[in-house]
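Notes for the one structure printed next.
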Amino acid sequence: MTGNVASLEASDFAMRNWRGAEAGPVRIGSPEHLRLFTRMLLDTHNPYKPAVIDWPKLEPDALARVTSLPIWDIAVQTEGRASIRVKTFAETLRDPLLREALEMDAAEEARHKVVLSKLVEAYGIPLAPEPAYDAPKDAMWAWLVTGYSECIDSFFAFGLFETARRSGYFPNELVETFEPVIQEEGRHILFFANWVAWHRRNLPWWKRLHFRATEAAVWVFLIWERIGIARGLDNSGEMQDANFAMQGTGAVGIELSPAELIDLCLVENDRRMAGYDERLLRPRLVPALARFARRFLKK
1 MTGNVASLEA SDFAMRNWRG AEAGPVRIGS PEHLRLFTRM LLDTHNPYKP AVIDWPKLEP
61 DALARVTSLP IWDIAVQTEG RASIRVKTFA ETLRDPLLRE ALEMDAAEEA RHKVVLSKLV
121 EAYGIPLAPE PAYDAPKDAM WAWLVTGYSE CIDSFFAFGL FETARRSGYF PNELVETFEP
181 VIQEEGRHIL FFANWVAWHR RNLPWWKRLH FRATEAAVWV FLIWERIGIA RGLDNSGEMQ
241 DANFAMQGTG AVGIELSPAE LIDLCLVEND RRMAGYDERL LRPRLVPALA RFARRFLKK
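Yeah, the sequence shown ends on 299 if you go by this note's numbering, and it's all consecutive.
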């Protein structure tokens, strides 16, 4: 038993703390940069198995809080779509190390879906029928939508998760069970931010302009998607990925001003990124936008 605990603690530490073997500064877009961010994702993989998670027995009030959250359908479907999108993009790649890292990313997204499925099964949470997760026709577009969506949702999830932990809204045992999933999302957006910078730097200038335009179109799409959050469903009647973080914000039911939430998200974002090689680029756009918005908010 002691050996198992030590092994779990070692895997958890390795997932959060990593430095590459490259010596000295690493130029963005270089082969060394590619090895740095791909090895980060591969080396920090936590081998936990969702099927053997020992879900804690919840007291009636805690069980009621968990089962009443309106996020479980959205969460399961979001992870299901993310997995097939990342897997489809991985299949388009020629570089074996980059492809291996993307396949790892897709497998972890699929594992998140299994974790959520096991949770709803353990606590008797009813789910709507899942839609088919079809492979996207435009693999690059789907990968960018997934990556930038995770950059937005993970930033706010970091703060919301810490809020729920501090308040006791979720019992500590359940928080600890979900902690690796939250940290994995931090690894994913760290990998994505570095892939974007590496890919952009290696494009000819005319292709770089097209890629920039595609990124801008992705952001327009994501903003438009989030504007429609109040509808709860998209035009086809399926849950929107964008609802995940926002539904969770309203459902946790903790008194937190927008300024306080942003402050906590910024602190938690920095904390979760702190253990990784400082030569890796950190996701910057969402924290920068949050800091800009924060200037106009009062506590």
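Built from N, CA and C at the ideal position, the CB exists for glycine as well.
| Item | Value |
| --- | --- |
| Per-residue DSSP class, three states only, for Y276 | strand |
| Status (buried if at least 16 other CB within 10 Å, exposed otherwise) for R187 | buried |
| Test item: CB-CB of R35 and L97 under 8 Å | yes |
| Within 8 Å, strictly: CB atoms of L63 and Y123 | yes |
| Cβ separation of R272 and F158, assumed to be a contact under 8 Å, to the nearest whole Å | 6 Å |
| Supposed contact pair T163 and I53 - C-beta distance, whole angstroms, cut 8 Å | So it is not a contact: roughly 23 Å between Cβ atoms. |
| L127 versus A101: straight-line alpha-carbon distance, rounded | 31 Å |
| Spatially closest choice to M104 from L280, P60, L190 and T38, by CA coordinates | T38 |
| Selection from W206, E184, R212 and E185 that minimises the alpha carbon distance to A197 | R212 |
| Spatial neighbours of P56 in its chain, beta-carbon cut-off 8 Å, leaving aside the 5 residues before and after | P171, E173, L174 and T177 |
| Where the alpha helix (DSSP H) through G29 begins and ends | Note, G29: premise wrong, no alpha helix (DSSP H); not H, not E. |
| Per DSSP, cross-strand counterpart(s) of W18 | Y276 |
| Buried versus exposed, by CB contacts within 10 Å (16 or more), A82 | buried |
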